[in-house]
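>
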Amino acid sequence: MVNTIESRGRYFEEFEVGQTYKSVGRTITEHDVLTFAGLSGDYNQIHTDAEFSKTTPFGQRIAHGLLGLSIASGLAMRTGILEGTVLAFREIEEWKFTKPVYLGDTIHVELEVVDVKPFPRLNGGMVTIQVEVINQRNEYVMKGKWSVLVASRQQP
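Residue 165 is where the sequence shown ends in the working numbering, and the numbering goes up by one at each step.
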C-alpha cells in the first residue's frame, strides 16, 4: 500500500477575495543579517557595523530591507495556504519599506486576498494578496501586493 501526503495548501478554487490570514512571528537575529550579507554581497555598514550605525538616524544596525521581504515570504508560506499548491511567485507590486527592522525585532505577516483570476491553460490561476509586515510594536514595517500562480484542484 502506498501512502500519499495530501497538500495542506489551498487550491485556486478555494481562494476568495476578502479572506485573511496571519502568520506566526519570527525574530530577526544577528545570524540572519550576517548570513544575508554573505549571500547577497550587501555588506553596507548600516547592517554590519554597530559603531557606524550609532551615527545614523536609526542609532543602531538595521536589517536589510530585502532580508525582511525574504523572511516575510517564508512567513507567508508558514501559514500553509500555499504549501504544495503554489506554482510560481509572479509579481511584487507597490512594495513599500515604511519603517526599519532592527535586530531583535519580531515580525509577522498579515495577508488578505484582493483578487483572483483563473488561468485555465495553466490549470490554475493568479491570486493577488495584500501583504503587511508588522513588528512586535504593531508597526507596519513594509507592505504591498504579491501575485502568485496557484494550482487548480486536480479532477478525479
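Every residue, glycine too, gets a C-beta built ideally from N, C-alpha and C. Being a predicted model, the structure only gives us computed values, none of them experimental.
What ranges does the alpha helix (DSSP H) occupy inside the stretch 26-105, keeping only unbroken runs of at least 4 residues that lie completely in it?
Qualifying alpha helix (DSSP H) stretches, in chain order: 39-49, 54-57, 59-63, 74-87.
> Can you look up L131 in the DSSP assignment and give me helix, strand or coil?
Helix.
> Given that a residue counts as buried once 16 or more other Cβ atoms are within 10 Å of its Cβ, and exposed if not, what is F21?
With 16 or more Cβ atoms within 10 Å of its Cβ, F21 is classed as buried.
> In angstroms, rounded to a whole number, what distance separates the CA positions of Q69 and S62?
Near 5 Å, if we compare the C-alpha coordinates of S62 and Q69.
> With 16 as the cutoff for other CB atoms within 10 Å, does R19 come out buried or exposed?
Looking at its Cβ environment, which holds 16 or more other Cβ atoms inside 10 Å, R19 is buried.
> Among L96, D124, E103, L75, whose alpha-carbon lies nearest the alpha-carbon of L131?
Nearest of L96, D124, E103, L75 to L131, Cα basis: L96.
> How many angstroms separate the CA atom of S32 from the CA atom of G93?
Each residue's alpha carbon lies about 17 Å from the other.
> In terms of DSSP beta bridges, what is Q139 paired with?
Answer is E121, K154, bridged to Q139.
> Which same chain residues, not among the five before or five after I71, have their C-beta less than 7 Å away from its C-beta?
Excluding sequence neighbours, I71 sits near I55, H56, P109, V110, Y111.
> From P127 to L158, what does the alpha carbon distance come to, in whole angstroms?
So the two alpha carbons sit approximately 9 Å from each other.
> Ordered along the chain, which non-local residues of its own chain (more than five positions away) have a Cβ less than 6 Å from that of L76?
Answer for L76: F45, listed in chain order.
> Taking the alpha carbon of I90 as the point to measure from, which residue in E119, D41, N144 has its own alpha carbon closest?
Looking at the Cα atoms, E119 is the closest of the given residues.
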